[in-house]
Amino acid sequence: MITYEDRSLNALAEAGRWPELLGIYRQVRAAASARAGEAGAAAETAPLGHLIAHGAPPEVAVRLFDEDGGPGTAAGVGDHDSGPLWEVLATRHSWLRLAPLLGPAPVRRLVAHTRVLVGEDLSYGAEPDPDGVPLVLEPWEVAGWGDSGRVRDYLRAGGSRSSLLALPATREGLGPVDLPARRERVAGQRATEEFAALADWAQVACVRGTAPDAAAQYAPARRVTGGYVPFAAAYPVLVQAGAGVRAHGVARGRLVVWRALVAMTGAARPDRAEVNALVARLRCFTWCDPADELRYLHVALEDPATGLSWAVSGDDVE
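Using this note's numbering, count along the sequence shown one by one with no gaps and you end on 1424.
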């Protein structure tokens, strides 16, 4: 079996022999797919796939996702090392370079939204998103990220740097709050299902009432350390929750959050004016849980126009 170490792949990369590396990737992935299935093949070839996605010219790197090499040779949206291979690729080249080369529609869509998160405006010159999610960032999507990058910073040899998933990230500005008694949940809300799709560890509940009424569903006690924050501060953490630790990407997180916001407006498809109006009126409450570790999210989103509030809470312990 050809392995990542056996063929001195880093030396081939240093020599710029990218087509040869792509051939090795396809050979190893096809053999692993036949032997261990798609999941096993994706895991076995992930480091080499990362190397190619990060360093190869776009004309070669995009072929990681092409099926012209035969069964089992192509990476899919789920192939990842320190992050999805398509996200690594998207951080390395502009949409102008990638658009004429990318084939598979699912990969193409995620790469486009990653480029949007990097800061490109694709609202002109790119095919519309199939669900109508805008291909340009709204001001509130930019405001809360601070100095941290919206997309993971991938390293050539593997690994990445990303923002810490934590809300609240600090107790600064928070104080003692007495939460009300738990209310009956409102069932059948589409937004509840959309928020639940963020992560398998996220608990979601909808109530008729205020943000603290929703927070009471999951807060560890009636009295908590909490307070209100702008939605712009909550948005990056919601996106990161949808991105997952490694297997997903921030484009996936953005798409899920947009679907949830659209569901809160009651619309079937995104209307930028309606979503912007919703974000402007949202009241967001966050609270601390003594059991929190490194990656956690506690936020309640109140829409005064409908009288409904959603709590999204959980701790990713993996």
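The beta-carbon is built from N, C-alpha and C at its ideal position, and this holds for glycine as well.
Given the structure is predicted, the values throughout are model-derived calculations rather than measurements.
Outcome for residue i when other beta-carbon atoms lying within 10 angstroms are tallied against a minimum of 16
i: D1185; result: buried
i: G1209; result: exposed
i: D1319; result: buried
i: A1340; result: buried
i: L1202; result: exposed
i: D1174; result: exposed
i: V1183; result: buried
i: D1284; result: exposed
i: R1262; result: exposed
i: S1419; result: buried
i: T1276; result: exposed
i: L1270; result: exposed
i: A1423; result: In the sequence as displayed, the identity of residue 1423 is Val instead of Ala. So V1423 counts as exposed.
i: E1399; result: exposed
i: S1200; result: exposed
i: S1268; result: buried
Segment limits, alpha helix (DSSP H) that includes residue i
i: S1139; result: W1124 to G1161
i: V1283; result: First-last for V1283: G1281 to D1284, but that is the beta strand (DSSP E), not the alpha helix (DSSP H).
i: F1301; result: R1296 to A1302
i: F1171; result: Note, F1171: premise wrong, no alpha helix (DSSP H); not H, not E.
i: E1165; result: P1164 to A1167
i: Y1341; result: F1337 to A1349
i: P1245; result: P1245 to A1249
i: P1326; result: First-last for P1326: undefined, no H or E at that position.
For residue j and residue i, the rounded distance between their alpha carbons
i: Q1295; j: A1383; result: 20 Å
i: R1214; j: P1240; result: 15 Å
i: P1274; j: R1141; result: 45 Å
i: G1281; j: T1392; result: 11 Å
i: A1211; j: E1193; result: 14 Å
i: W1307; j: L1243; result: 27 Å
i: A1119; j: P1153; result: 13 Å
i: Y1260; j: A1159; result: 10 Å
i: E1126; j: G1146; result: 22 Å
i: A1138; j: L1115; result: 18 Å
i: P1190; j: P1336; result: 30 Å
i: A1297; j: A1305; result: 14 Å
i: R1288; j: D1421; result: 21 Å
i: M1107; j: G1178; result: The pLDDT assigned to M1107 is 43, lower than 50, so where the model puts this residue is not dependable, and the model offers no usable value.
i: F1301; j: V1363; result: 7 Å
Residue i, DSSP secondary structure in three states
i: E1237; result: Position check: residue 1237 holds Asp in this sequence, whereas Glu was assumed. Correct three-state label for D1237: coil.
i: R1221; result: helix
i: Y1230; result: coil
i: E1120; result: helix
i: D1377; result: coil
i: M1107; result: Caution applies to M1107, whose pLDDT of 43 falls short of 50 and renders its modelled position unreliable; the model cannot decide the point.
i: R1352; result: coil
i: R1427; result: In the structure as shown, the chain begins at 1107 and stops at 1424. Residue 1427 is therefore absent and cannot be evaluated.
i: A1293; result: coil
i: R1267; result: strand
i: V1368; result: helix
i: L1384; result: helix
i: P1318; result: helix
In DSSP terms, what residue i is bridged to
i: P1427; result: In the structure displayed, the chain extends from 1107 to 1424; residue 1427 sits before or after that span and is not available.
i: W1393; result: G1332
i: A1272; result: Y1402
i: S1200; result: DSSP output for S1200 lists no bridge partner at all.
i: L1407; result: C1390 and W1416
i: D1306; result: DSSP output for D1306 lists no bridge partner at all.
i: D1259; result: R1267
Cutoff 9 Å: residue i Cβ touching any chain C Cβ
i: E1380; result: Among the chains in the structure shown there is no chain C, since it carries only a single protein chain.
Endpoints, beta strand (DSSP E) assigned at residue i
i: D1421; result: L1414 to D1421
i: R1314; result: Q1309 to R1314
Contact test: residue i Cβ vs the ligand MN heavy atom, cutoff 8 Å
i: G1333; result: Among the ligands in the structure shown, none appear at all, so the ligand MN cannot be discussed.
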